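In this note's numbering, the protein residues as written are 79 to 391.
Virtual Cβ for every residue (Gly too), placed ideally from N, Cα, C.
What you are looking at is a predicted structure, and each value in this text was computed from that prediction instead of being measured.
Take a look at the structure below.
This is the structure in structure tokens:
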């Protein structure tokens, strides 16, 4: 496994999803656990390293994030890993590629060079139902990661992941816990891979040029995001907007164009969008205004700013 290789997986902490499980802690030939009905598309997006076993390839006192997006070929994944020092400074970012292997267990070949390895070099061991947590390792038991969509994870959830890894034969007493408290996560979360925003979102709060809107105001309203459209639903009307990420910026720039509404179509708006601690932030100018530079809906900004959370499944 190459430097700062952060696996992309997901862990189920509420239910046991194992297809098979290792029985002997000291026998690396024993099969690793793996999740049933693994959905490869859902693991695309950004992951934080919560804990790992020490490896020669990853220096001590460092931690990493990984961002995964679909490649052009079938089963291909584009990888971007970013390493940080213990004091919160970004050290470097490195691009690579991965190839999802067919069948069970879910496993990948990953490389940051021109050639993929001959054998898979990490295995997805456990994945949460909501794809918020992940556990990955390899049959040698020398590499192990606990991953999360957020930078912090409740201690009881971490302990459940550790218990799974320990039963599979990993030396969990050697795990190194990542401390993300010194990293500027607001800046770090400004760009987002598209797969992470797909689904239905409920409003938490909002502000329209100084008018504050609480969750009660948005009762019965939601936004459904597909690969090309955002559909705003309320009890009174439905508005459909085509959207596109127009630049690779921080925060991520987005263009919204109304394609269906009771108020007319064709109007466009420039905005910015980001994920932070599992919530979606969306800020845009009324039709025809300049793209916002910050997430701000205060009086005089002439901007609309909303915070949303994933809808219950």
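Selection 153, 147, 141 evaluated against residue 161 yields 141 as nearest (Cα-Cα). At a Cβ-Cβ threshold of 7 Å, residue 386 and residue 321 do not count as neighbours. Judged by DSSP in its simplified three-state form, residue 238 adopts helix. Counting along the chain, the unbroken beta strand (DSSP E) around residue 382 starts and ends at 382-388. In this structure, residue 358 places its C-beta atom within 7 Å of the C-beta atom of residue 279. Closest by C-alpha distance to residue 273, out of 109, 121, 112, 227, is 121. The C-alpha of residue 341 is placed about 38 Å away from the C-alpha of residue 146. Beta-bridge partners of residue 323 (DSSP): 332.
Annotated three-state conformation of residue 246 is coil, per DSSP.
If you compare the alpha carbons of 241, 227, 294, 277 with that of residue 307, the shortest gap goes to 277. The three-state reading of DSSP puts residue 201 in strand, counting E and B together.
The beta-carbon separation of residue 166 and residue 231, rounded to 18 Å, does not stay under the 8 Å limit for a contact. Taking a 10 Å sphere around the C-beta of residue 139, we find fewer than 16 other C-beta atoms and assign the residue as exposed. Nearest to residue 332 by C-alpha distance, out of 312, 360, 377, is 360. Secondary structure at residue 113: strand, using DSSP grouped into helix, strand and coil. Note on geometry: alpha-carbon atoms of residue 311 and residue 241 lie some 42 Å from one another. Annotation: residue 143 to residue 246 spans about 25 Å, alpha carbon to alpha carbon. In the three-state scheme derived from DSSP, where H, G and I count as helix and E and B as strand, residue 164 is classed as coil.
Here residue 294 carries a helix assignment [DSSP, helix/strand/coil]. The criterion of a C-beta distance shorter than 7 Å is not satisfied by residue 303 and residue 339. Selection 214, 323, 286 evaluated against residue 351 yields 323 as nearest (Cα-Cα). If you check the CB distance, residue 356 and residue 285 do not come in under 7 Å.
Shown here, residue 274 sits in a helix according to DSSP, grouped into three states. In the three-state DSSP reduction, residue 120 falls in the helix class (H, G or I).
Annotated three-state conformation of residue 154 is strand, per DSSP. Your pair residue 129 and residue 224 checks out as a contact, with CB atoms roughly 4 Å apart and the cut at 8 Å.
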